[in-house]
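Written below as structure tokens is the structure these notes are about.
Residue numbers (the working numbering), protein chains in the order written: chain A, 1 to 347; chain B, 1001 to 1295.
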């Protein structure tokens, strides 16, 4: 096991243009499950590929287990990687796919069967060893890819959106299995995804990336509850955080914290709403509204209410809502960074 | 219903030229060749007498024919070996992006698009006994004596080597393009996964890339074998089968015997002799291709 560290890591594909990855400084913890989260084009995959050695950094350093590996070949880094497509070798049986890294690294042949069976057993694919990849389902292929990754006991696991090719139902169970698997092997893992649910559910820490810059590093709770800037605030959460214009700051609050006045306890900011639309989503309902009064009038907000609470409002109705003060977040309007709380001049 | 019948008629009309073309220019000569090979037809003779396998027995007893059979195999296997190995190297070199790749690809395709007669005449000069450029270079490098330079087309073994090399030069673009297509079709993830798994260039190439390209390599070899086995252009222009029949291959021998020598029946027997061999090769290759099919 080892920690991965990047120092001012930068990748510029076309000179003169903005880099795909810019000055990224990260340090994983021992055995951590770290998630790179960002929209497409945020540089998360490029960052992972640089750590894997598949992409040459333009500047900066990469250290794995304290050793500088910046210009080493992928095979000299002690890493294993699972690709989005799984990249199984189509002409080889599952057994030969899993034993390929052992052969490539010169592990004595008599040890192969034991190791392959151990890895296959860990992932529950012991019966599939003689099959070819084309005879496997998506979920099975993903497990073969994982088995191929763990078989030589790497110090670091790199996973590039390994669940995105699975259907929604399988994805939920695969997520749970992957977390459990990580708990069992305890190898430092870096996981790339654009899916915030995966990131929230699996990550010990999440690195939020946007346009090649790290916007925030923190536990799922930190990045969700205390976003560092407006990008993180609006990228995480569905629907995203409400941002209300207030002079030189933006006031943010999560849709689930915007509740009918009677449900909000303690110090709160009252907000009168005029409902413009309601979506019934089974377990919850989403309320689209405009702020009705005062200096925030006509700003658009979204509220998320549990289905157990009946709003009793329809489109066009004016209703009294409120947000508890402890749930308010403030962002500087020009830098879009988080700033300290301040008193609101509400009226 | 009327519409469908019209469509059927239109289809038949559209199909007819192709059918006519194949029947007139491929089917009829093929049938004639089979008929001639078991008859006693000569240029200028009238009438046809069935003679069974006499022509085949006759050619099999001729040392020239046995030599040509051997040369055909040597020519085909030799040229294809060179072509496949070189095409692999070229395809690997050309798959990555680099400045001027388009131009290099164009130059590599040239021997294929230029008329073979032109190319072969160029080679005839290059390999000429007096004006050979190769010999001039060898002399300048002091590798051979000025008056003892190799006679590329004048000595049996060298002549065979020369026709093999020239034919390989001509076939190379075709195989390169096919292999390049096969190489491009391999998802980038797979060699990357191999690199992460610890495989170096050779292991990736021989255990991952080539096995994944097997079906398409088979196609290239199949076409190459057929084109080489049935081709006489290079031999005809460079050596006319000489010296002393040392580069004579079956197609050229069939031509010399049947057309220039006037013995149509024996010429037909020689050319028909190729058919079962080619059928067996094609069947083997297609079987291999099916077995190696991936994903």
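No residue lacks a Cβ here, since even glycine has one placed at the ideal position from N, Cα and C. Since the structure is predicted, the reported quantities are computational estimates derived from the model, not experimental observations.
{"Item": "If you draw a straight line from the alpha carbon of residue 1138/B to that of residue 1271/B, how long is it in whole angstroms?", "Value": "39 Å"}
{"Item": "Mind pulling the chain A residues with CB within less than 8 Å of residue 1187/B?", "Value": "85, 87"}
{"Item": "Identify the continuous alpha helix (DSSP H) that holds residue 70/A and give its terminal residues.", "Value": "Per DSSP, residue 70/A belongs to no alpha helix (DSSP H) and is neither H nor E."}
{"Item": "Short of 7 Å Cβ to Cβ, which residues in the region 98–119 of chain A face chain B?", "Value": "100, 101, 104, 105"}
{"Item": "Just checking my contact of residue 242/A with residue 311/A at CB under 8 Å: how many whole Å lie between their CB atoms?", "Value": "With a Cβ gap of about 17 Å, residue 242/A and residue 311/A do not count as contacting."}
{"Item": "Using a Cβ-Cβ cut-off of 8 Å, state whether residue 1251/B counts as contacting chain A.", "Value": "no"}
{"Item": "Check whether the region 38–48 of chain A touches the region 210–219 of chain A, taking contact to mean three or more Cβ pairs, one atom from each stretch, closer than 8 Å.", "Value": "yes"}
{"Item": "Give the interface partners of residue 79/A over in chain B, defined as CB-CB distance under 7 Å, in chain order.", "Value": "1196"}
{"Item": "Taking residue 306/A as the reference, which of 257/A, 88/A, 275/A has the closest Cα?", "Value": "257/A"}
{"Item": "At which residue ranges does the region 17–44 of chain A contain complete beta strand (DSSP E) runs of 3 or more residues, listed in the order of the chain?", "Value": "21–27, 33–37"}
{"Item": "Excluding sequence positions up to five away, which residues of its chain have a Cβ less than 8 Å from the Cβ of residue 231/A?", "Value": "208, 210, 215, 336"}
{"Item": "Taking 8 Å as the CB-CB cut-off, is residue 1295/B touching chain A?", "Value": "With a pLDDT of 40 at residue 1295/B, under the threshold of 50, the predicted position of this residue should be treated as unreliable, and no value is reported."}
{"Item": "Looking at chain A, is there any beta carbon in it that lies within less than 8 Å of the beta carbon of residue 1217/B?", "Value": "no"}
{"Item": "For the region 317–327 of chain A and the region 258–273 of chain A, state whether three or more C-beta atom pairs, one from each stretch, are separated by less than 8 Å.", "Value": "yes"}
{"Item": "Does the beta-carbon of residue 11/A have 16 or more other beta-carbons within 10 angstroms, so that it is buried, or is it exposed?", "Value": "buried"}
{"Item": "Measure how close the beta-carbons of residue 186/A and residue 31/A come, nearest whole angstrom, since I'm counting them as under 8 Å.", "Value": "5 Å"}
{"Item": "Touch check for the region 1191–1208 of chain B and the region 1111–1129 of chain B: three-plus C-beta pairs under 8 Å?", "Value": "no"}
{"Item": "Compute the distance between the beta-carbons of residue 235/A and residue 329/A, then report whether it is under 8 Å.", "Value": "no"}
{"Item": "Chain B partners of residue 52/A, CB-CB under 7 Å?", "Value": "1196"}
{"Item": "Using the C-alpha atoms, what's the distance from residue 176/A back to residue 201/A?", "Value": "8 Å"}
{"Item": "Do residue 1160/B and residue 1238/B come within 8 Å of each other at the CB atom, strictly closer than that value?", "Value": "no"}
{"Item": "Could you tell me whether any Cβ in chain A is nearer than 8 Å to the Cβ of residue 1212/B?", "Value": "yes"}
{"Item": "Just verifying my parser: in three-state terms, what is the DSSP assignment at residue 342/A?", "Value": "coil"}
{"Item": "Between the beta-carbon of residue 5/A and the beta-carbon of residue 37/A, is there less than 8 Å?", "Value": "no"}
{"Item": "Is the CB of residue 1192/B under 8 Å away from at least one CB in chain A?", "Value": "yes"}
{"Item": "Using 8 Å as the Cβ pair cut-off and three pairs as the minimum, do the region 1279–1290 of chain B and the region 1081–1099 of chain B touch?", "Value": "no"}
{"Item": "Between residue 139/A and residue 174/A, how many whole angstroms is the CB-CB distance? I'm expecting something under 8 Å.", "Value": "6 Å"}
{"Item": "Mapping DSSP to helix, strand and coil, what is residue 236/A?", "Value": "coil"}
{"Item": "Would you call the CB atoms of residue 1279/B and residue 1163/B closer than 8 Å?", "Value": "no"}
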